[in-house]
């Protein structure tokens with residue numbers, strides 16, 4: 003900068019120009035110590051968000067801190083408009099209400115624009131176009147892509163051919179990492195901490211991609227996990243192995259009777275009909291667990307605890323529970339938009355991409 007300013011009159015535009023060039027140089031140089039250290043802070047593979055595996059405690063805490071700051075100063079971040087001039091692509095091969103809408107609103111609140119491709123029947127996918135070709139096409143127009151796809155591992159496949167950031171918004175029965183991040187933020191926002199919590203996951207734990215990602219991210223904190231499900235919908239062994247390696251206390255049950263009274267977070271999931279190949283099993287599981295005000299009282303649920311659900315719900319939570327202060331699932335949706343604002347701001351702006359908050 004001294005060389006530049008010795009020849010040119012310093013001004014804000016000149017400084018900004020050479021700051022941008024310096025950042026581009028730093029980003030292009032894999033040996034840059036600063037770049038490496040910042041990537042470690044935010045998690046391996048960032049700014050792509052593909053799996054709960056890629057984050058460590060420091061990066062998770064950094065994102066929670068940024069989301070908390072956004073929550074407390076929404077107007078300030080909207081005024082900053084850090085995504086002005088950037089376009090986010092929403093590519094959804096499966097139905098979505100909350101994930102697509104919250105990413106859409108997160109981008110708009112940060113000053114960005116959105117290209118939404120949710121009806122793939124009217125796109126070239128209907129003509130047989132591959133996932134790889136579709137995301138490459140969108141990359142030509144946009145700065146980042148949010149992908150939901152029915153195949154496990156689809157987001158990782160797409161990332162291999164992309165240079166822009168991609169966010170996994172659910173890959174079949176695989177993972178849903180941004181849901182895990184917003185769930186952790188919800189817990190922290192509601193209860194003020196993550197360490198020391200007992201989290202009970204209830205329902206379809208076999209097919210529930212939300213609980214797979216959530217268990218992985220929570221395992222970086224000092225928590226206890228209870229899994230409550232029918233025997234044929236248990237948490238997959240590979241998830242339990244990861245928890246065991248990370249010294250997380252975990253127990254399996256088929257009813258809530260023994261665990262609800264000690265639970266800080268009851269995380270309810272629906273039985274996912276679309277993942278079943280045997281409809282008889284689905285019929286056995288449907289309606290197996292229904293959270294009602296009477297059940298909460300009967301089993302001695304704490305006064306200071308929360309009930310969460312990634313939604314949609316299909317009978318797992320009685321609507322009469324909605325007025326209970328412990329019912330956090332609608333507040334959870336607001337937290338989802340805020341956490342996705344934190345992710346977009348971090349991934350798409352030079353101002354924060356290389357500097358954890």
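Residue numbers (our numbering): 3 to 359.
Beta carbons: idealized from backbone N, C-alpha and C, even for Gly.
What you are looking at is a predicted structure, and each value in this text was computed from that prediction instead of being measured.
Bounds of the beta strand (DSSP E) holding residue 308 are 308-310.
Out of 263, 63, 221, the CA that lies nearest to the CA of residue 249 is found in 221.
By the CB criterion at 7 Å, residue 85 and residue 350 fall inside the cutoff. A direct Cα-to-Cα measurement between residue 80 and residue 109 gives close to 10 Å. When DSSP states are grouped into helix, strand and coil, residue 237 belongs to the coil group. Here residue 182 is near residue 216, since their CB atoms are less than 7 Å apart. Note that the C-beta distance between residue 331 and residue 311 is below 7 Å.
Put simply, of 68, 54, 238 the residue whose alpha carbon is nearest the alpha carbon of residue 346 is 68. Contact annotation: residue 318 and residue 261 have beta-carbon atoms that are not nearer than 7 Å. Annotation: residue 240 to residue 59 spans about 21 Å, alpha carbon to alpha carbon. Nearest to residue 143 by alpha-carbon distance, out of 116, 149, 155, is 116. For residue 115, there is no enclosing alpha helix (DSSP H); the enclosing beta strand (DSSP E) covers residues 115-119. The stretch 97-107 and the stretch 125-145 do not touch, with fewer than 3 CB-CB distances between them shorter than 8 Å. Non-local beta-carbon contacts of residue 54 in its own chain, meaning distances under 8 Å to residues more than five positions away in sequence, involve 177, 179, 182, 214, 215, 216, 217, 218, 219 in chain order. Contact between residue 154 and residue 173 holds, with the beta-carbon distance rounding to 5 Å and staying under 8 Å. Judged by DSSP in its simplified three-state form, residue 122 adopts helix.
Contact check for residue 161 against residue 149 fails: the beta carbons are separated by 7 Å or more. When rounded, the separation of the alpha-carbon atoms in residue 165 and residue 146 is 9 Å. Shown here, residue 143 sits in a helix according to DSSP, grouped into three states. At a Cβ-Cβ threshold of 7 Å, residue 200 and residue 265 count as neighbours. Secondary structure of residue 228 (DSSP, three-state): strand.
Assigned with DSSP and collapsed to three states, residue 331 falls in helix. The beta carbons of residue 237 and residue 207 sit about 4 Å from each other, so the pair counts as a contact at 8 Å. In the structure shown, residue 213 adopts helical secondary structure according to DSSP, grouped into three states. Only residues of its own chain outside the window of five on either side were considered, and among them 309, 323 have a CB closer than 6 Å to the CB of residue 329, listed in chain order. The beta carbon of residue 303 is closer than 6 Å to those of 262 in its chain, skipping five residues each way along the sequence.
Under the DSSP assignment, residue 255 falls in the beta strand (DSSP E) whose first and last residues are 251-255. The beta carbon of residue 88 lies closer than 6 Å to those of 114, 145, 350 in the same chain, with the five residues before and after it left out. Within the same chain, Cβ atoms closer than 8 Å to the Cβ of residue 186 are found at 62, 66, 196, 216, 219, 220, the five residues on either side in sequence being excluded. Rounded to the nearest angstrom, the Cβ distance from residue 343 to residue 112 is 6 Å, consistent with a contact under 8 Å.
In the DSSP assignment, residue 169 falls within the unbroken beta strand (DSSP E) covering 168-173. About 6 Å separates the CB atoms of residue 95 and residue 152; that is less than 8 Å, so the two are in contact. Here residue 136 is buried, its C-beta having at least 16 other C-beta atoms within 10 Å. Short of 8 Å from the beta carbon of residue 140, and not among the five residues preceding or following it, lie these beta carbons of its own chain, in chain order: 91, 93, 117, 119, 147.
Straight-line spacing of the CA atoms in residue 184 and residue 300 works out to 30 Å.
Counting the other CB atoms within 10 Å of its CB gives residue 316 a total below 16, which places it among the exposed residues.
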